[in-house]
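Protein chains in written order, with UniProt numbering: chain B, 1 to 310; chain R, 1 to 310. Each residue gets a CB set at the ideal place from its N, CA and C atoms; glycine is no exception.
Protein chains: 2
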Amino acid sequence: MTLPLTVPAPGLPARVRIHEVGPRDGLQNEKTLVPVAVKAEFIRRLADAGLTTIEATSFVRPEWVPQLADAEQLMPLIDDVRARLPVLVPNQRGLDRALALGAREIAVFASATEAFAKANLNRTVDEALAMFEPVVTAAREAGVTVRGYLSMCFGDPWEGPVPISQTVSVSRRLIDMGCDEVSLGDTIGVATPGHVQELLATLGEAGIPADRLAVHFHDTYGQALANTLAALQHGVTTVDASAGGLGGCPYAKSATGNLATEDLVWMLDGLGIETGVDIRRLTATSVWMARHLGRPSPSRTVRALSQKEM
Amino acid sequence: MTLPLTVPAPGLPARVRIHEVGPRDGLQNEKTLVPVAVKAEFIRRLADAGLTTIEATSFVRPEWVPQLADAEQLMPLIDDVRARLPVLVPNQRGLDRALALGAREIAVFASATEAFAKANLNRTVDEALAMFEPVVTAAREAGVTVRGYLSMCFGDPWEGPVPISQTVSVSRRLIDMGCDEVSLGDTIGVATPGHVQELLATLGEAGIPADRLAVHFHDTYGQALANTLAALQHGVTTVDASAGGLGGCPYAKSATGNLATEDLVWMLDGLGIETGVDIRRLTATSVWMARHLGRPSPSRTVRALSQKEM
Numbered sequence: 001m002t003l004p005l006t007v008p009a010p011g012l013p014a015r016v017r018i019h020e021v022g023p024r025d026g027l028q029n030e031k032t033l034v035p036v037a038v039k040a041e042f043i044r045r046l047a048d049a050g051l052t053t054i055e056a057t058s059f060v061r062p063e064w065v066p067q068l069a070d071a072e073q074l075m076p077l078i079d080d081v082r083a084r085l086p087v088l089v090p091n092q093r094g095l096d097r098a099l100a101l102g103a104r105e106i107a108v109f110a111s112a113t114e115a116f117a118k119a120n121l122n123r124t125v126d127e128a129l130a131m132f133e134p135v136v137t138a139a140r141e142a143g144v145t146v147r148g149y150l151s152m153c154f155g156d157p158w159e160g161p162v163p164i165s166q167t168v169s170v171s172r173r174l175i176d177m178g179c180d181e182v183s184l185g186d187t188i189g190v191a192t193p194g195h196v197q198e199l200l201a202t203l204g205e206a207g208i209p210a211d212r213l214a215v216h217f218h219d220t221y222g223q224a225l226a227n228t229l230a231a232l233q234h235g236v237t238t239v240d241a242s243a244g245g246l247g248g249c250p251y252a253k254s255a256t257g258n259l260a261t262e263d264l265v266w267m268l269d270g271l272g273i274e275t276g277v278d279i280r281r282l283t284a285t286s287v288w289m290a291r292h293l294g295r296p297s298p299s300r301t302v303r304a305l306s307q308k309e310m
Numbered sequence: 001m002t003l004p005l006t007v008p009a010p011g012l013p014a015r016v017r018i019h020e021v022g023p024r025d026g027l028q029n030e031k032t033l034v035p036v037a038v039k040a041e042f043i044r045r046l047a048d049a050g051l052t053t054i055e056a057t058s059f060v061r062p063e064w065v066p067q068l069a070d071a072e073q074l075m076p077l078i079d080d081v082r083a084r085l086p087v088l089v090p091n092q093r094g095l096d097r098a099l100a101l102g103a104r105e106i107a108v109f110a111s112a113t114e115a116f117a118k119a120n121l122n123r124t125v126d127e128a129l130a131m132f133e134p135v136v137t138a139a140r141e142a143g144v145t146v147r148g149y150l151s152m153c154f155g156d157p158w159e160g161p162v163p164i165s166q167t168v169s170v171s172r173r174l175i176d177m178g179c180d181e182v183s184l185g186d187t188i189g190v191a192t193p194g195h196v197q198e199l200l201a202t203l204g205e206a207g208i209p210a211d212r213l214a215v216h217f218h219d220t221y222g223q224a225l226a227n228t229l230a231a232l233q234h235g236v237t238t239v240d241a242s243a244g245g246l247g248g249c250p251y252a253k254s255a256t257g258n259l260a261t262e263d264l265v266w267m268l269d270g271l272g273i274e275t276g277v278d279i280r281r282l283t284a285t286s287v288w289m290a291r292h293l294g295r296p297s298p299s300r301t302v303r304a305l306s307q308k309e310m
């Protein structure tokens, strides 16, 4: 098997935790409805491939996200999986459902821009944060770890470039309300490496160190992995990615939304950064899921390895 | 139009020269035969988009590369294009043909590995260098600038990972025989950023500074842009790329071989690094060429911009 030669680079972390979002963020954006048994097997296979954090599903109202309406059925099927299995939760009702099913980690989702808060949550940024605050408090009282997703950290389809100060301000409020970690989302994929580093530096100055942050890049303009490298150089050690690049893209068939986990692992393997992930098993899993979805994986690494080796 | 916010990063060059390889390296690897008039218009449009170096064609034996067998017809059609127009030349006969048509820059192509030298040139590495040496000498005597392509600098499909010392040794010989520049090719796309930086550092120790080098990354495993960022951080200011990601990939339809010029320009624009390229005009050109080839561009930036704006 062709594997990259391992050559470490100075100034990078020894270990990265990959926050795998394929089963939730990935499948949520796929048109093909996936049976719950396939989702459970997908999560199991991801854990077997070495992923330690796998975002499993969402407890938003089923009619909002039909693809993930089976959360109640899914959770009992994966309760023995040996991985952290965070779930997305929008409100107290969602938290109650998640806790009843044994969730130990949740994620809430805020927006750095007013336009996207309005479009996605039908609220202002302030109203959305006010909605999440009691949920975060209740989750922490229940001993549950809380991640705050922050969308549109770099640019917004309605508002254009997003000022760094604005992203820092909302990040600060997520941390202050009790989020253990903030995942900085480049929802439309417009970020470039200087922007990433400037945002991380400014967050650091605002008292939010890299170990409270994750990065969540989209590959709409092909920038996700270069931006990830920039974030690693700035001390970030948690990186979101989606197995096989699941999640599609609104613009083109088989173009990618999320950074593909395999493309990320290839780079980290080459850099000698430990992830615990076996790229061969992960690729096999993405090929298997692509067959269920009826279309090839948009991950370049999955395509290259699967044509050659599998 | 969505454009990246410009946020420079420390330690990067102010300006990058893009060596556009679409008309030669790109089309050479496309199945659809492109009429010579379309090639000429392609080159003209690339120059109009601001590209200053456009590798135009190849003077290898026509039966070896049927796609570029029209070099004699092409050259007179582009002799007024205001850009550097290097051409590939394998031997004295090719150099004579190129000089007769007014070429002012040539490129020769060597291999860092014995296996690829054998496969591509049916020679050992030494024999290939011996073949090129008089060509380089004659070209320089004619006042022609010479680039040396070096393939398989990071890995080889037969030999696996390529020792850095081996790549440095052949690079040194290309410089010593008179090449003005060596383009370090990751022909199978296996490089990662630490490998890139270690190779560049070792080349520097061997007396070959970054300003005599170019990088030529393939996106087979999605690593090309991250590797380019690593090279820029190490002082490289000449980057090879292919408009629209032309050149395909042996493994999958519309997967990319070469780094797409648009994806590169997006990053450089975001970093505030000057290239002179107008990404809008370049994308329009790649969309136009994709129609001639009958398939969508594999460039993520081309896909995103063309679906939204054009």
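Beta-carbon neighbours of residue i, restricted to chain R and to distances below 7 Å
| i | result |
| --- | --- |
| THR113 (chain B) | Per Cβ cutoff of 7 Å: no residues; THR113 (chain B) is ~13 Å from chain R at best. |
| GLU198 (chain B) | VAL7 |
| ASP263 (chain B) | TYR221 and GLY222 |
| ALA206 (chain B) | Those within 7 Å of ALA206 (chain B) in chain R number zero; the least Cβ separation is about 17 Å. |
Exposed unless 16 or more other CB atoms sit within 10 angstroms - verdict on residue i
| i | result |
| --- | --- |
| GLY11 (chain B) | exposed |
| ARG303 (chain B) | buried |
| THR124 (chain B) | exposed |
| THR32 (chain B) | exposed |
| PRO134 (chain R) | exposed |
| ALA139 (chain B) | buried |
| LYS253 (chain R) | Per-residue confidence for LYS253 (chain R) stands at a pLDDT of 46, beneath the threshold of 50, marking its modelled position as unreliable; the derived number appears in the next sentence. That one is exposed. |
| ALA206 (chain B) | exposed |
| ASN122 (chain B) | exposed |
| TRP64 (chain B) | exposed |
| GLU309 (chain R) | With a pLDDT of 47 at GLU309 (chain R), under the threshold of 50, the modelled position of that residue is not reliable, and no figure is offered here. |
| THR187 (chain B) | buried |
| GLY148 (chain R) | buried |
| GLU105 (chain R) | buried |
| THR137 (chain B) | exposed |
| GLY102 (chain B) | exposed |
| GLY143 (chain R) | exposed |
Three-way DSSP call (helix, strand, coil) for residue i in this model
| i | result |
| --- | --- |
| LEU33 (chain B) | coil |
| THR187 (chain R) | coil |
| ASP80 (chain B) | coil |
| PHE132 (chain B) | helix |
| ILE279 (chain B) | helix |
| PRO8 (chain R) | coil |
| LEU27 (chain B) | helix |
| GLY155 (chain B) | strand |
| ILE18 (chain R) | strand |
| ALA214 (chain B) | strand |
| GLU63 (chain B) | coil |
| ARG13 (chain R) | For clarity, residue 13 (chain R) is Pro in the given sequence; the question names Arg instead. PRO13 (chain R): coil per DSSP, three-state reduction. |
| GLY294 (chain B) | coil |
| PRO193 (chain B) | helix |
| ALA112 (chain R) | coil |
| THR124 (chain R) | coil |
| GLY94 (chain R) | helix |
| ALA138 (chain B) | helix |
Beta-carbon neighbours of residue i, restricted to chain R and to distances below 9 Å
| i | result |
| --- | --- |
| ASP219 (chain B) | GLY222 and ARG300 |
Residues sharing a beta bridge with residue i, DSSP
| i | result |
| --- | --- |
| THR147 (chain B) | Reading off the sequence shown, one finds Arg at residue 147 (chain B), where the question assumed Thr. BP columns for ARG147 (chain B) point to B:ALA107 and B:GLU181. |
| SER58 (chain B) | B:LEU88 |
| SER242 (chain R) | R:ALA260 |
| THR220 (chain B) | BP columns for THR220 (chain B) are empty, so no partner. |
| THR53 (chain R) | R:HIS19 and R:ARG84 |
| GLU274 (chain B) | B:ARG15 |
| GLY160 (chain B) | B:ASP156 |
9 Å Cβ cut-off: residues of chain B touching residue i
| i | result |
| --- | --- |
| TRP266 (chain R) | VAL190, THR192, TYR221, GLY222 and GLN223 |
Interface partners of residue i on chain R, CB under 8 Å
| i | result |
| --- | --- |
| HIS195 (chain B) | PRO4, LEU5, VAL7 and GLY270 |
| ALA260 (chain B) | GLY222 |
Within chain B, the residues that residue i reaches when beta carbons sit closer than 8 Å
| i | result |
| --- | --- |
| LEU229 (chain R) | PRO193, ALA226, LEU229 and ALA230 |
| ALA241 (chain R) | In chain order: nothing, as chain B lies at least about 11 Å away. |
| ALA290 (chain R) | Ordered by position in chain B, no residue passes the 8 Å Cβ test against ALA290 (chain R), which lies about 12 Å from the chain. |
Chain-ordered neighbours of residue i on chain B, where CB pairs are closer than 7 Å
| i | result |
| --- | --- |
| ALA139 (chain R) | Residues of chain B passing the Cβ test: none, with the nearest at roughly 34 Å. |
| ALA210 (chain R) | Near ALA210 (chain R) there are no residues of chain B at all, since even the closest Cβ is about 16 Å away, more than 7 Å. |
Q: May I ask you to list, following chain order, the residues of the region 143 to 160 of chain B that have a beta carbon less than 9 Å from some beta carbon of chain R?
A: Listed by position, the residues of the region 143 to 160 of chain B near chain R (Cβ gap below 9 Å) are PHE154, GLY155, PRO157 and GLY160.
Q) Closer than 9 Å, Cβ to any Cβ of chain R: which residues of the region 93 to 124 of chain B, in chain order? A) Here the close residues number zero.
Q: Select from the region 3 to 20 of chain B all residues with a C-beta closer than 7 Å to any C-beta belonging to chain R, and list them in chain order.
A: Of all residues in the region 3 to 20 of chain B, PRO4, LEU5, VAL7, PRO8 and ALA9 have a Cβ within less than 7 Å of some Cβ in chain R.
(Q) If the cut-off is 8 Å on Cβ atoms, which residues from the region 267 to 284 of chain R count as contacting chain B, listed in chain order? (A) Those would be MET267, ASP269, GLY270, LEU271 and GLY272, in chain order.
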